[in-house]
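One structure is given here, and the rest of the page talks about it.
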Amino acid sequence: MLVVKKFGGSSVADKERIFNVARRCAEEYQIGNDVVVVLSAMGDTTDDLLMKAEDINPYPSKRELDMLLTTGEQISVALMAMALQFLHVPAISLNGFQVQMHTTSRNGNARLKRIDTERIRHELENRRIVIVTGFQGVNKYDDYTTLGRGGSDTTAVALAAALHADKCEIYTDVEGVYTADPRVVPNARKITEITYDEMLELATSGAKVLHNRSVEMAKKYGVELVVRSSLNTEEGTVVKEVVKVEKMLITGVAADKNTARISVIGIVDRPGTAFKIFNTLAKHNINVDIILQSVGRGGTKDISFTVSQEDLREALQVLEDYKEALTIQEITYSENVAKISIVGAGMLSNPGVAATMFESLCNSNININMISTSEIRITVLIDEKDADKALVAVHDGFGLED
């Protein structure tokens with residue numbers, strides 16, 4: 000059996016935790032399984048590297064930032080190989096270049112295109128544990144790229160798909176997927192099983208337990224995921240196509256503080272203006288989420304939308320550069336906002352879900368700025384200062400507590 004195991008930064012934050020992970024991998028190896036391990040950078044290494052970069056240059060090029068950030072995972076995998084060798088288990092570490100994890104050329108948020116598996120298979124045939132850097136790859140120019148925050152999850156799923164692994168286990172510092180972030184909502188309940196679609200909506204809405212692109216890839220290639228704790232042996236949460244448990248009305252609640260609102264004011268009220276704005280942003284690889292358009296007045300209209308905080312500066316620059324062509328009179332923005340989302344396949348057949356959410360927020364005196372819906376998700380934009388309070392209020396409003 001071939002098992003892919005991914006461990007996050009907190010799971011390998013220090014010597015004790017590195018050896019804890021090494022022993023778990025060794026146990027899997029010693030029962031006869033082939034083991035591929037994907038690691039994130041240790042603890043706060045990525046944040047520390049970002050601070051070093053900002054200290055040198057507040058606006059470094061994305062290429063050089065990727066060159067810097069990829070060193071974090073290389074430290075993790077080398078130390079893990081050394082720990083396994085100390086435990087008398089044969090192991091080898093490989094980075095994105097050595098594996099040949101081919102990606103697009105967008106530094107900072109590249110997408111995986113294909114993986115050359117020959118080197119990994121060769122090492123597995125020689126009965127070594129193969130430890131691979133997460134979060135990184137190489138583009139067609141042989142430059143390092145990174146896959147964005149949480150990209151190690153995507154690396155693990157991609158490897159599981161490419162190698163036709165029997166299991167893909169994502170280890171983190173919580174025991175699985177919860178109905179809300181247990182660090183904010185203490186009475187959040189662990190979910191036994193969740194569908195790809197529900198997990199994707201939660202991940203996209205700010206749940207940090209899995210990277211959204213990893214869930215997309217798992218669904219596409221039918222890779223069954225297990226999310227579990229690296230600190231104990233408790234059963235985790237299975238992410239798959241169909242779940243056996245009865246559909247709950249709401250599966251979970253998520254908050255995303257990594258968001259910003261942009262408003263373009265006074266654009267000409269005629270067909271095609273909205274298309275031109277969002278097409279211009281799309282050409283610069285800027286993803287837009289919630290969109291709200293005002294009723295036209297005096298021949299003009301206003302449009303507000305949200306982007307990630309990482310894309311805010313670039314989005315504002317693009318809009319400023321094309322301000323005249325897009326007929327924009329004024330651009331305003333706010334970083335002090337957050338998204339609160341409820342997710343659940345059960346809401347498809349149950350009226351009144353939105354009303355319950357809005358009532359919960361109203362009872363906590365929390366104002367709603369924007370609203371977005373899909374078949375299995377409702378998202379509202381609120382003030383960032385109210386995010387944690389809103390998460391608790393909505394979670395309790397739907398009776399999701401343990």
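Each residue of the sequence shown is one higher than the last, beginning at 0 in numbering that gives the first Met the number 0. Virtual Cβ for every residue (Gly too), placed ideally from N, Cα, C.
Less than 6 angstroms between C-beta atoms, sequence neighbours within five positions excluded: which residues of the same chain meet that for LYS239? Here residue 239 refers to the residue found at position 240 of the sequence shown. Closer than 6 angstroms at Cβ, skipping near neighbours: GLU223.
Since VAL342 contacts ALA253 with CB under 8 angstroms, what's their CB separation in whole angstroms? The residue you call residue 342 lines up with position 343 of the sequence shown. The residue you call residue 253 lines up with position 254 of the sequence shown. Confirmed, about 7 angstroms.
Over what stretch of residues does the beta strand (DSSP E) that includes GLU192 continue unbroken? For the purposes of this step, residue 192 is taken as the residue at position 193 of the sequence shown. Where GLU192 is concerned, the enclosing beta strand (DSSP E) starts and stops at 192-194.
Classify ILE327: buried if its beta carbon has 16 or more other beta carbons within 10 angstroms, exposed otherwise. Against the sequence shown, residue 327 aligns to sequence position 328. Buried, since its Cβ has 16 or more Cβ neighbours within 10 Å.
Less than 9 angstroms between the C-beta atoms of SER262 and ILE289, yes or no? Here the question's residue 262 lines up with position 263 in the sequence shown. Here the question's residue 289 lines up with position 290 in the sequence shown. With respect to the 9 angstroms criterion, SER262 and ILE289 are not classified as neighbours on the basis of their beta carbons.
Quick one: what's got a C-beta closer than 7 angstroms to PHE134's C-beta in the same chain, skipping five residues either side? Here residue 134 corresponds to residue number 135 of the sequence shown, with the count starting at 1. So the list reads SER39, GLU72, THR145, LEU146, GLY150, SER151 and THR154, once near-sequence residues are dropped.
Using a threshold of 9 angstroms, state whether the C-beta atoms of SER204 and SER359 are closer than that. For the purposes of this step, residue 204 is taken as the residue at position 205 of the sequence shown. For the purposes of this step, residue 359 is taken as the residue at position 360 of the sequence shown. Taking 9 angstroms as the Cβ cut-off, SER204 and SER359 do not qualify as a contacting pair.
Spatial neighbours of LYS166 within its chain, please: C-beta separation below 6 angstroms, excluding the five flanking residues on both sides. Taking the sequence shown and counting its residues from 1, one reaches residue 166 at position 167. The answer, listed in chain order, is VAL2.
Would you list, in sequence order, the uninterrupted beta strand (DSSP E) runs of no fewer than 3 residues that lie entirely inside the region 133-190? 135-137, 143-145 and 166-171
Taking the continuous alpha helix (DSSP H) assigned at ASP46, which residues delimit it? Start at 1 with the first residue of the sequence shown, and residue 46 comes out as number 47. First-last of the alpha helix (DSSP H) with ASP46: 44-55.
Please report the residue range of the alpha helix (DSSP H) in which HIS394 lies. Stepping through the sequence shown from its first residue, residue 394 is reached at position 395. HIS394 -> alpha helix (DSSP H) spans 386-396.
Could you name the residues of the same chain whose beta carbon sits closer than 6 angstroms to that of ASP387, not counting the 5 residues immediately before and after it, in chain order? The sequence position of residue 387 within the sequence shown is 388, counting from 1. Only VAL183 meet the Cβ criterion.
ALA12 and LEU86 closer than 9 angstroms at C-beta: The residue you call residue 12 lines up with position 13 of the sequence shown. The residue you call residue 86 lines up with position 87 of the sequence shown. Their beta carbons are not under 9 angstroms apart, which means ALA12 does not touch LEU86 by this criterion.
Near ILE17, what residues of its chain come up, given a Cβ to Cβ distance below 7 angstroms and the 5 sequence neighbours on each side ignored? For the purposes of this step, residue 17 is taken as residue 18 along the sequence shown, with counting starting at 1. Cβ within range, chain order: VAL11, LEU78, MET79 and ALA82.
Option nearest LEU280 by Cα separation, candidates LEU123, ARG312 and MET100: By one-based count along the sequence shown, residue 280 stands at place 281. Closest by alpha carbon: ARG312.
Which term fits SER373, buried or exposed, when burial requires 16 or more other beta carbons within 10 angstroms of its beta carbon? On the sequence shown, residue 373 is found 374 positions in, with the first residue counted as 1. Result: exposed.
Kindly indicate which three-state DSSP category GLY251 falls into: helix, strand or coil? Looking up residue 251 in the sequence shown gives position 252. Looking at GLY251 - three-state DSSP - the assignment turns out to be strand.
Distance, Cα to Cα, GLU400 vs ASN186? Indexing the sequence shown from 1 puts residue 400 at position 401. Indexing the sequence shown from 1 puts residue 186 at position 187. Going by the C-alpha atoms only, they are around 5 angstroms apart.
Residue environment, ILE119, which counts as buried when at least 16 other CB atoms sit within 10 Å: By one-based count along the sequence shown, residue 119 stands at place 120. When all chains shown are included, ILE119 counts as buried.
Look at ILE114 and ALA164 and say whether their C-beta atoms are less than 9 angstroms apart. Looking up residue 114 in the sequence shown gives position 115. Looking up residue 164 in the sequence shown gives position 165. Cβ atoms of ILE114 and ALA164: not closer than 9 angstroms.
Reduced DSSP secondary structure (H/G/I, E/B, other) of HIS121: Stepping through the sequence shown from its first residue, residue 121 is reached at position 122. Helix.
Between the alpha carbons of GLU233 and VAL35, how many angstroms are there, rounded? For the purposes of this step, residue 233 is taken as residue 234 along the sequence shown, with counting starting at 1. For the purposes of this step, residue 35 is taken as residue 36 along the sequence shown, with counting starting at 1. The alpha-carbon atoms of GLU233 and VAL35 are separated by roughly 21 angstroms.
Kindly indicate which three-state DSSP category GLN73 falls into: helix, strand or coil? Sequence index remark: in the sequence shown, residue 73 carries index 74 (1-based). In the structure shown, GLN73 sits in a helix (DSSP, three-state: H, G or I).
Count the other CB atoms within 10 Å of the CB of VAL235; is the residue buried (16 or more) or exposed (fewer)? Counting from 1 along the sequence shown, the entry for residue 235 is found at position 236. This sequence places Gly at residue 235; Val is not what is there. Looking at its Cβ environment, which holds 16 or more other Cβ atoms inside 10 Å, GLY235 is buried.
Spatial neighbours of ASN257 within its chain, please: CB distance less than 6 angstroms, with the 5 preceding and 5 following residues excluded, ordered by chain position. Stepping through the sequence shown from its first residue, residue 257 is reached at position 258. Same-chain partners within the cutoff: SER307 and GLN308.
Please state whether DSSP places GLY95 in a helix, a strand or coil. For this step, residue 95 is matched to residue 96 along the sequence shown. Correct three-state label for GLY95: helix.
Where ILE365 and GLU383 are concerned, what is the direct C-alpha to C-alpha distance, given to the nearest angstrom? Taking the sequence shown and counting its residues from 1, the one referred to as residue 365 is at position 366. Taking the sequence shown and counting its residues from 1, the one referred to as residue 383 is at position 384. ILE365 and GLU383: Cα-Cα distance of roughly 11 angstroms.
Given ALA344 as reference, the closest of GLU200, VAL37, THR70 and ASN56 once Cα atoms are compared: Taking the first residue of the sequence shown as 1, we reach residue 344 at position 345. Of the listed residues, the one whose Cα sits closest to ALA344 is GLU200.
Could you check which residue in ASN335, THR355, GLY351 and ASN349 has the C-alpha nearest to that of ILE381? Your numbering for residue 381 matches position 382 in the sequence shown. Checked all of ASN335, THR355, GLY351 and ASN349; the closest Cα to ILE381 is ASN335.
Short of 6 angstroms in beta carbon distance, which residues of its chain neighbour LYS322, apart from the five on each side in sequence? Order them along the chain. Stepping through the sequence shown from its first residue, residue 322 is reached at position 323. Excluding positions up to five away in sequence, the list is empty.
Hey, out of VAL379, ASP65 and VAL352, whose CA is closest to SER104's CA? By one-based count along the sequence shown, residue 104 stands at place 105. Cα-wise, what sits closest to SER104 is ASP65.
Rounded Cβ spacing between SER60 and VAL76 (contact assumed at less than 8 angstroms): Counting from one through the sequence shown, the residue named residue 60 turns up at place 61. Counting from one through the sequence shown, the residue named residue 76 turns up at place 77. Going by Cβ atoms, the distance from SER60 to VAL76 rounds to 26 angstroms, so no, they are not a contact pair.
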